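Have a look at the structure below, then the notes.
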Amino acid sequence: GLAGCFQAGMKYAYYKGYPYAIQFDGDGQHRPEFIASMAEKMEEGYDIVIGSRFVDSKKDHSLRMIGSRLITAAIRLTGVTVTDPTSGMRMFNREMIREFALNINYGPEPDTVSYLLKQGAKIAEVPVRIAERAGGESYLKPVVAVRYMARILISILLIQNFRNSSAMRRDRSSQRI
469 GLAGCFQAGM KYAYYKGYPY AIQFDGDGQH RPEFIASMAE KMEEGYDIVI GSRFVDSKKD
529 HSLRMIGSRL ITAAIRLTGV TVTDPTSGMR MFNREMIREF ALNINYGPEP DTVSYLLKQG
589 AKIAEVPVRI AERAGGESYL KPVVAVRYMA RILISILLIQ NFRNSSAMRR DRSSQRI
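Just remember that the working numbering sits 468 ahead of the position in the sequence shown, which is counted from 1.
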């Protein structure tokens, strides 16, 4: 599924030595003209740069955006605000590529972003605009969307507190010495 494809791409990027990798949905909504601004932000020293729909505009009041607001609030407990935690457009630096390539329990989901924030990852957002879906349909039908939001919130608020520290935290602490 999605996590397996994502990890395969990260493994490819890792073994090829790429400095950055970008994730984006395959439905045509994410536009390539925003990749350059994401890379520029990455050059400022961030680990992850998220292409955000909501840096410059507000979320509407749909059920989907209520779920997004709940995830934003849960992530805010890390001390960082991520305005578009469900964005499918993210860029990762070499260290994050390694994390995703070599650690099996990382999926491309908001709870992983929250976990990496807790581990010390630096995350930024850049404004993007998305196009209308060019193909396919969202797997987040109403019932599935409610289960997805519940799963993500439980992961962020409860499960992550019991996860072992990642190699990233150990590597970062050894670099500070």
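For each residue, glycine too, the CB sits at the ideal point set by N, CA and C.
Everything numeric in this text was worked out from a predicted model, so none of it was measured.
Runs of the alpha helix (DSSP H) lying entirely within the region 507-545 and spanning at least 4 residues, in chain order: 531-544.
Looking at the backbone, the Cα of Thr551 and that of Arg558 are separated by about 13 Å. Linking Thr580 to Ile598 through their CA atoms gives a straight-line distance of about 23 Å. Under DSSP, the beta-bridge partners assigned to Met559 are Ile490, Val517.
Ile516 sits away from Glu577, with the two beta carbons spaced by 9 Å or more. For the pair of segments examined, the region 560-568 was found not to touch the region 519-527: the number of CB pairs separated by less than 8 Å stays below three. Here Ile622 is not near Ile539, since their CB atoms are 9 Å or more apart. Inclusion of Leu585 and Thr546 in the CB contact set at 9 Å is warranted, their separation being smaller than that value.
The residue from Ser582, Met617, Phe492, Tyr486 with its alpha-carbon nearest to that of Phe474 is Phe492. By the Cβ-count criterion, Gly535 is buried, with 16 or more other Cβ atoms from all chains shown falling within 10 Å of its own Cβ.
Under the three-state reduction of DSSP, Ile620 is assigned to helix. Of the candidates Gly575, Ala541, Glu567, the residue whose Cα lies closest to the Cα of Gly556 is Gly575. For Val594, the enclosing beta strand (DSSP E) begins and ends at 591-595. Assigned with DSSP and collapsed to three states, Ile572 falls in coil, not helix or strand. In the DSSP assignment, Gly477 falls within the alpha helix (DSSP H) that extends over 470-484.
Residue burial is scored here from C-beta neighbours: Tyr583 has at least 16 other C-beta atoms within 10 angstroms and is therefore classed as buried. The continuous stretches of alpha helix (DSSP H) do not include Asp552, and DSSP gives it neither H nor E. Counting the other Cβ atoms within 10 Å of the Cβ of Val596 gives 16 or more, which makes it buried. Counting the other Cβ atoms within 10 Å of the Cβ of Ala476 gives fewer than 16, which makes it exposed.
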